[in-house]
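Notes for the one structure printed next.
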Amino acid sequence: MGCSIEGAVRMTRDAMRTTGSDKHRALGGQAGPGATLMGGAGPHSRLRKGITLAAIVGVAAVGASFGVTWYRERPLAEAEAAMDAGDYDAVFSLVSPFLQRYPDNSRALALKARMLVLMRDPSEAIRIFDRIGAANAKDLHAFARAYLLQEHWSVAMPLLEQTARLDPNNADALYELTSCRMRLGFLQEALDSAQRFAELSSSPARGYVFLGSIQNDLKNRAEAASAYAKALELEPDATNLQVPPFDFLDEYARTLLALGRGEEASALLEKSRAIRHSPRNWTMTGRALAGLGRSDEAAAAWRAAIELDPNADQAREDLAGLELRNGNPDKALEWLAPLESRPVLPSSAAYLFQRAHTLRKDEEKAKAWAARTEQLRKGEQIQHAVESVLVEAPQTFWARVVRAYRFAQQGNWVQARTLMATASAEESDDPFVRDLARALEQRGDLPPLDRLPIHRK
120 MGCSIEGAVR MTRDAMRTTG SDKHRALGGQ AGPGATLMGG AGPHSRLRKG
170 ITLAAIVGVA AVGASFGVTW YRERPLAEAE AAMDAGDYDA VFSLVSPFLQ
220 RYPDNSRALA LKARMLVLMR DPSEAIRIFD RIGAANAKDL HAFARAYLLQ
270 EHWSVAMPLL EQTARLDPNN ADALYELTSC RMRLGFLQEA LDSAQRFAEL
320 SSSPARGYVF LGSIQNDLKN RAEAASAYAK ALELEPDATN LQVPPFDFLD
370 EYARTLLALG RGEEASALLE KSRAIRHSPR NWTMTGRALA GLGRSDEAAA
420 AWRAAIELDP NADQAREDLA GLELRNGNPD KALEWLAPLE SRPVLPSSAA
470 YLFQRAHTLR KDEEKAKAWA ARTEQLRKGE QIQHAVESVL VEAPQTFWAR
520 VVRAYRFAQQ GNWVQARTLM ATASAEESDD PFVRDLARAL EQRGDLPPLD
570 RLPIHRK
């Protein structure tokens with residue numbers, strides 16, 4: 120076609136430059152007004168022709184441009200189809216040569232970034248998405264997953280929330296969003312996304328496991344047990360739950376034990392042992408049996424735990440407690456002996472040492488263990504206060520400080536600093552906060568948690 124868009128526009132403009140005599144001729148003569156309306160040679164006709172021609176030329180130009188782009192990016196369409204099919208070798212073979220020819224093509228770069236996430240190379244993927252942005256829900260989800268791989272939960276979470284809004288049927292995004300919310304203390308919000316996941320997922324049982332876990336974090340044991348029951352009803356073999364069957368069954372049993380439902384817990388623990396024996400399972404089995412008044416069977420279960428793992432300290436405590444109730448302090452001390460050299464000792468174990476030496480009439484040792492028991496209890500009270508803040512007021516300043524502290528303990532310094540940065544500045548003058556911020560910046564030693572002024576809040 121020999122006419123350009125500029126030419127068509129010029130023709131339209133020329134057609135609109137109608138003189139007074141032209142108007143007179145268009146309105147007079149034999150043709151009359153009807154001729155103009157029916158396609159005569161009047162100015163309205165010329166104007167209409169010019170506009171029509173410009174529109175045709177414009178559509179043709181846009182169509183041609185679209186056609187060129189479509190033809191050029193055919194390999195990318197094939198690459199996207201291959202990615203959806205899981206053929207990652209094909210994606211690589213299509214995208215790599217395309218980027219050599221068109222290194223700034225955003226669509227190709229996004230595909231490369233998504234491939235990098237699948238290859239667990241999040242840093243380069245993040246750099247690409249920071250440069251080009253996320254054009255659609257798939258790109259956005261990959262962007263979020265890159266941050267998930269870096270355990271940068273607070274950055275991944277809003278990206279996953281946006282992904283879920285754009286693609287509300289994306290069960291994987293809801294699962295990951297729930298995980299982020301749990302880690303960051305948004306437990307009520309996590310309940311919402313876990314419920315949606317359970318409704319959408321091809322395996323709703325996984326959603327109920329999530330719900331149960333969150334309810335346990337919220338100390339809602341009955342609701343947790345109800346969610347776990349639904350999961351087991353849907354998956355009687357406890358498979359396809361995202362966690363090993365024995366872990367799920369043990370956790371469900373632990374929840375039932377907390378509710379005093381020892382008979383049901385014992386049955387679940389037996390089902391778990393049919394898959395795998397573990398010290399944790401035998402320890403809980405002993406507690407379930409003891410609660411049912413079956414002390415001899417309970418003792419046998421605790422001994423089985425210690426045979427599997429001599430460091431099964433909870434089983435040792437339970438056996439020592441049983442011996443003390445039976446009036447055997449020396450036997451109790453035999454079970455407790457390995458715990459005495461532990462770098463971290465619970466106050467419950469220290470109290471058993473105190474009771475044993477009291478029964479043996481060793482006042483000096485009993486007094487020493489009483490002092491240690493009191494010291495350990497104070498530390499545990501701080502931990503309890505911390506847990507209460509995290510559950511009851513998860514988005515307060517001190518909850519964020521504590522969560523930052525814990526991320527740093529796990530070696531996740533980036534996430535720890537991010538949480539501190541988002542916390543309110545109202546308590547920035549507190550010595551603990553100042554020392555923690557300095558430690559996070561330098562990746563140095565954390566201040567002792569007993570300096571946390573949580574009791575003032």
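In this text, residue positions in the sequence shown follow my numbering: the first is 120, and each later residue adds one. Note that CB positions come from ideal geometry on N, CA and C, so glycine has one too.
Mapping DSSP to helix, strand and coil, what is residue i?
i, result
"residue 362", "coil"
"residue 248", "helix"
"residue 266", "helix"
"residue 184", "Low local confidence applies: a pLDDT of 44 at residue 184 is under 50, so the model's placement there is unreliable, with the coordinate-based value given in what follows. Three-state DSSP puts residue 184 in a helix."
"residue 205", "coil"
"residue 562", "coil"
"residue 271", "coil"
"residue 253", "coil"
"residue 431", "coil"
"residue 276", "helix"
"residue 239", "coil"
"residue 412", "coil"
"residue 437", "helix"
"residue 571", "coil"
"residue 223", "coil"
"residue 549", "coil"
Should residue i go down as buried or exposed, given a rule of 16 or more other Cβ atoms within 10 Å for buried?
i, result
"residue 552", "buried"
"residue 639", "The chain is shown only over 120 to 576; residue 639 falls outside these bounds and no answer can be derived."
"residue 186", "Low confidence applies to residue 186: its pLDDT is 46, below 50, so where it sits in the model is not reliable enough to give any reading."
"residue 204", "exposed"
"residue 220", "exposed"
"residue 334", "buried"
"residue 160", "Any reading at residue 160 must be qualified, since the residue scores a pLDDT of 47, below 50, and its modelled position is unreliable; the value itself is stated next. It counts as exposed."
"residue 404", "buried"
"residue 282", "buried"
"residue 475", "buried"
"residue 494", "exposed"
"residue 242", "exposed"
"residue 255", "exposed"
"residue 284", "exposed"
"residue 436", "buried"
"residue 538", "buried"
"residue 432", "buried"
"residue 222", "exposed"
Among the options, which one has its Cα closest to the Cα of residue i?
i, options, result
"residue 270", "237, 550, 526 and 572", "526"
"residue 535", "455, 550, 548 and 557", "557"
"residue 417", "310, 396 and 401", "401"
"residue 399", "309, 374 and 428", "428"
"residue 301", "324, 331 and 289", "331"
"residue 345", "374, 379 and 502", "374"
"residue 409", "434, 397, 391 and 390", "434"
"residue 351", "555, 371, 562 and 484", "371"
"residue 502", "233, 449, 572 and 261", "572"
"residue 286", "316, 274 and 266", "316"
"residue 327", "397, 314, 338 and 339", "314"
"residue 274", "561, 339, 541 and 448", "541"
"residue 514", "307, 369 and 278", "307"
"residue 266", "250, 257, 240 and 460", "240"
"residue 92", "384, 325, 230 and 524", "Look at the range of the chain in this structure, 120 to 576, and you will see that residue 92 is not part of it."
"residue 567", "538, 532, 528 and 561", "528"
"residue 504", "262, 363, 570 and 422", "570"
"residue 227", "238, 245, 196 and 206", "196"
"residue 442", "426, 422 and 430", "422"
"residue 248", "261, 237 and 268", "261"
My guess is that residue i and residue j are in contact by the Cβ rule of under 8 Å, so how many angstroms apart are they, rounded?
i, j, result
"residue 198", "residue 213", "4 Å"
"residue 446", "residue 471", "Going by Cβ atoms, the distance from residue 446 to residue 471 rounds to 14 Å, so no, they are not a contact pair."
"residue 276", "residue 303", "6 Å"
"residue 322", "residue 359", "5 Å"
"residue 296", "residue 280", "6 Å"
"residue 376", "residue 413", "Not quite, the Cβ-Cβ distance comes to about 14 Å (not below 8 Å), so this is no contact."
"residue 411", "residue 453", "Contact doesn't hold; Cβ gap of about 26 Å is too wide."
"residue 455", "residue 464", "About 10 Å separates the two Cβ atoms, so there is no contact after all."
"residue 469", "residue 488", "6 Å"
"residue 368", "residue 391", "4 Å"
Q: At 3 residues or longer, and completely inside the segment 441–529: list those beta strand (DSSP E) runs for me, N to C.
A: Fully enclosed beta strand (DSSP E) runs of 3 or longer: not present.
Q | Every unbroken alpha helix (DSSP H) inside the segment 379–405 [4 residues or more] | A | The qualifying runs are 381–392.
Q: Please specify which runs of the alpha helix (DSSP H), each continuous and at least 4 residues long, are wholly inside the segment 287–367, giving them in chain order.
A: Here the runs fully enclosed are 290–302, 306–319, 323–336 and 340–353.
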